[in-house]
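Just so you know, my numbering puts 140 at position 150 of the sequence shown, and the rest follows in order with no gaps.
We put the beta carbon where it would ideally sit given N, CA and C, even for glycine.
As the structure is a computational prediction, the values presented were derived from the model and not from experiment.
Comments concern the structure below.
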Amino acid sequence: MIFLTFAVCPFGFLCTVLWYICLDTGYCALSLTIGVTISNMPYDKKRVYIILHNIRSIHNVGSIFRTADAIGVTRIYLTGYTPAPIDRFGRARKDFSKASLGAEKSMQWEKRKNISALLLELKKGGTQIIAVEQSAHSIDYKKVRAKASAAVVLGNEVTGIPLKVLELCDCIAEIPMRGRKESLNVSVSAGVALFRFFDCIIPHFSEKVGDCGVANAAHANIPRYR
């Protein structure tokens, strides 16, 4: 007689199959460990980029680096006057490293002058561009269906993302505010949105669902931006 039982790792990555073969004289146990992933998609197939445009605060940028490392972001692009981990003389910024807890040492990052050229380059390579911003044509961030390759744009703490940049994005995602304040700190918004988008990444995502889910403005036959 053969009994089959499963022992699953609490993190969902390994599954041990135990075979109990009962004999007249007793039984013996054979085990087989099988590697699986929770999302059924290889981690290295996911591509999530962050584009930080005209974010002035070193503390905010450093905090986003720390969050990006925790999530597993592929690369961070710094555009406009967003501060980099090193200054123009090539010296490491201590205040940056303090906010990031040194995450810039493990994160891939790149300084780019022209955000429009960067977005067009990413789009040409099949990357979906998602702006996190408040807009008349934004959708709830929970309705966004991120593709296997997605870039998330975050903008200035006060003025937000420029219209010319929004026009190059595939959709605008907004985090609903339920209190009296109209917005979150940009580093907090990054954490909320990125964890959601990363969890929703699906391999070979069907275009039939729309670039940004069921509420894509393009499918509603209305202008996305004004």
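Asked: Can you tell me whether Gln118 is buried or exposed, with buried defined as 16 or more other CB within 10 angstroms of its CB?; Found: buried
Asked: Only counting the same chain, and skipping five residues up and downstream in sequence, which positions put a Cβ closer than 6 Å to that of Ser177?; Found: Asn50, Ser53, Ile54
Asked: Considering only DSSP beta bridges, list what Leu144 is partnered with.; Found: Leu42
Asked: Can you grab the Cα-Cα spacing for the pair Val96 / Val148, in whole Å?; Found: Note that residue 96 is Ser in the sequence shown here, rather than Val. Approximately 29 Å, taken between the alpha carbons.
Asked: Indicate the three-state DSSP secondary structure (helix, strand or coil) for Val155 in the structure shown.; Found: helix
Asked: Please work out which residues of its chain come closer than 6 Å, Cβ to Cβ, to Leu91, disregarding the five sequence neighbours upstream and downstream, and give them in chain order.; Found: Arg56
Asked: Can you say whether Asp77 is buried or exposed, counting buried as having 16 or more other CB atoms within 10 angstroms of its CB?; Found: exposed
Asked: Within the same chain, show all residues whose beta-carbon is closer than 6 Å to that of Leu144, passing over the 5 residues directly before and after it, in chain order.; Found: Leu42, Val122, Val176, Ala180
Asked: Taking the alpha-carbon positions, what's the Ser173 to Lys101 distance?; Found: 27 Å
Asked: Could you say which of Glu164, Gly169, Gly80 lies nearest to Gly150 if we only look at CA atoms?; Found: Glu164
Asked: Name the one or two DSSP bridge partners that Leu91 has.; Found: Beta-bridge pairing links Leu91 to no other residue.
Asked: Can you tell me the Cα-Cα spacing of Asn146 and Tyr71, whole angstroms?; Found: 10 Å
Asked: What is the DSSP secondary structure of Arg186, counted as helix, strand or coil?; Found: helix
Asked: Taking the alpha-carbon of Tyr39 as reference, which of Lys154, Gln98, Glu94 has the nearest alpha-carbon?; Found: Gln98
Asked: Quick one: what does DSSP say Ala136 is sitting in, helix, strand or coil?; Found: coil
Asked: According to DSSP, simplified to helix, strand and coil, what is Ile54?; Found: helix
Asked: With a CB to CB cut of under 8 Å and the five nearest residues on each side skipped, what residues in its chain are close to Leu184?; Found: Val38, Ile40, Thr57, Ala58, Ile61, Val63, Val142
Asked: From which residue to which residue does the beta strand (DSSP E) around Ala107 run?; Found: Ala107 -> not in any beta strand (DSSP E); alpha helix (DSSP H) instead, spanning 105 to 114.
Asked: Excluding five sequence neighbours on each side, which residues of the same chain lie with their C-beta closer than 7 Å to the C-beta of Lys132?; Found: Arg186
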